[in-house]
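Student: Quick one: this structure, given as structure tokens, is what I'll be asking you about.
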Amino acid sequence: MKIKDPSPDMKKRSFLKNVLNGTVAGCLYLVYPMGADSFEIPEQIPGIRNKPYDIYDQEFAFVVDITRCIGCGSCCVADKREFNVPDGNYRTWVERYVKGFSDRIYVDCPNGGLDGYQSPRTDIKEKIRDTFFVPKLCNMCREAPCVQVCPVGATFTSPDGFVLVDDKRCVGCAYCIQACPYSARFINPETRVVEKCTWCYNRVRKGLLPACVQVCPTGARKFGSLKDENSEVYKILKGPGVLTVLKKEMGTWPALYYKGARREVV
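In terms of this note's numbering, the sequence shown opens at residue 67 and continues consecutively.
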């Protein structure tokens, strides 16, 4: 007997039930077959989808809303599939912050958050006050230390503001890895060259959203053009509310902003 496949609405309700029950890791199927359409997440970048891409007239920003992140790991799965990221390495990852009543902070990130966080930590001996999740990725610094230290010019900033790596020039010296304040780089064990998050530059050039943004079930990740005053990112950055960047004292001027970030986040 053939069992009828549940409708997208039923799948969505099942997902929300899993979230409420604390079994959010079970939602990794969001990447597919469910897809982003069930959550009404657009595939294309509003504001540039109907225009030719001008590499010299772009300015993008990325916003992560910590208050919305549920630690499901869908973003990590999408990134791994999009770029065939080797096991044990992560272009984007999700950290779990657990705060006890002593105000001590416990941070962990098993398998980069790829498997989600459905199980609570059992090694903490005090009562838990709060738990929240912090996605991490390349900050696309406007004053990028990695660009400054690369001896062969393999790491560079494109005219549209993306910090990228030319894998044909990279010699794997790892200077850029040491210079990055955000630990966002690694040497690919297969190619022996440096790899990092690119904000899905291959997709953005086609007017598409980064894969992690498209699959996020709660809208915790936002990406858009600052040249478009109607874009959600533009409105967030110009509107009310507190937005922060990580390691502001480093003077790197990141294009990655965090909404709802707490002082404990490093």
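For each residue, glycine too, the CB sits at the ideal point set by N, CA and C.
Go ahead and label Asn177 buried or exposed: buried means 16 or more other beta carbons lie within 10 angstroms of its beta carbon, across all protein chains shown.
Tutor: Against the sequence shown, residue 177 aligns to sequence position 111. Asn177 comes out exposed.
Student: Considering only C-alpha positions, which residue in the set Glu209, Lys293, Pro247, Asp145 is nearest to Tyr119?
Tutor: Your numbering for residue 119 matches position 53 in the sequence shown. Comparing Cα-Cα distances from Tyr119 to each of Glu209, Lys293, Pro247, Asp145, the minimum goes to Lys293.
Student: Please list the terminal residues of the continuous beta strand (DSSP E) segment that includes Val237.
Tutor: For this step, residue 237 is matched to residue 171 along the sequence shown. No beta strand (DSSP E) holds Val237; DSSP gives it neither H nor E.
Student: When you compare each of Ala220, Arg147, Lys202 to Arg287 by their alpha carbons, which one comes out closest?
Tutor: Stepping through the sequence shown from its first residue, residue 287 is reached at position 221. Checked all of Ala220, Arg147, Lys202; the closest Cα to Arg287 is Lys202.
Student: Quick one, are the C-beta atoms of Val231 and Thr223 less than 8 Å apart?
Tutor: Here residue 231 corresponds to residue number 165 of the sequence shown, with the count starting at 1. Here residue 223 corresponds to residue number 157 of the sequence shown, with the count starting at 1. Cβ distance not < 8 Å, so Val231 and Thr223 don't count as in contact.
Student: Given Cys266, which residues of its chain have a CB within under 6 Å of its CB, disregarding the five upstream and five downstream residues?
Tutor: On the sequence shown, position 200 is the one that residue 266 refers to. Hits under 6 Å: Pro276, Ala277.
Student: For my contact list, Thr333 and Cys175 are in at a C-beta cut-off of 8 Å; report their separation, rounded to the angstrom.
Tutor: Residue 333 falls outside the range modelled here, since the chain spans only 67 to 332, and no answer is possible.
Student: Is it buried or exposed, Arg338, if we count other Cβ atoms within 10 angstroms and call 16 or more buried?
Tutor: The requested residue 338 is not part of the displayed model; the chain covers only 67 to 332.
Student: Do the CB positions of Arg235 and Val260 come within less than 8 Å of each other?
Tutor: For the purposes of this step, residue 235 is identified with residue 169 of the sequence shown, where counting begins at 1. For the purposes of this step, residue 260 is identified with residue 194 of the sequence shown, where counting begins at 1. No.
Student: By how many angstroms is the C-alpha of Arg147 removed from the C-alpha of Lys310?
Tutor: Start at 1 with the first residue of the sequence shown, and residue 310 comes out as number 244. Start at 1 with the first residue of the sequence shown, and residue 147 comes out as number 81. Per the sequence shown, the amino acid found at residue 310 is Thr instead of Lys. One C-alpha to the other measures close to 30 Å.
Student: Ala340 and Phe149: beta carbons closer than 8 Å?
Tutor: It is not possible to answer for residue 340, since the shown part of the chain is limited to 67 through 332.
Student: Who are the near neighbours of Glu192 in its chain, counting only those whose CB is closer than 7 Å to its CB and skipping five residues on each side?
Tutor: Translated into positions along the sequence shown, residue 192 becomes position 126. Closer than 7 Å at Cβ, skipping near neighbours: Gly166, Phe167, Ser168.
Student: Is Cys216 closer than 8 Å to Val229 when the C-beta atoms are compared?
Tutor: Here residue 229 refers to the residue found at position 163 when the sequence shown is read from its first residue. Here residue 216 refers to the residue found at position 150 when the sequence shown is read from its first residue. Contact flag unset, no.
Student: Can Tyr324 and Ile171 be called in contact, C-beta distance under 8 Å?
Tutor: Within the sequence shown, the letter at position 258 stands for residue 324. Within the sequence shown, the letter at position 105 stands for residue 171. No, the Cβ-Cβ distance between Tyr324 and Ile171 is not below 8 Å.
Student: Do Tyr163 and Asn205 have their C-beta atoms within less than 8 Å of each other?
Tutor: Residue numbering aside, residue 163 sits at position 97 when the sequence shown is read from its first letter. Residue numbering aside, residue 205 sits at position 139 when the sequence shown is read from its first letter. No; because the gap between Cβ atoms is not below 8 Å, this pair is not in contact.
Student: Compare the Cα-Cα distances from Arg329 to each of Leu312, Phe252, Gly317, Asp153 and report the closest residue.
Tutor: On the sequence shown, residue 329 is found 263 positions in, with the first residue counted as 1. Minimum Cα distance to Arg329 is reached at Leu312.
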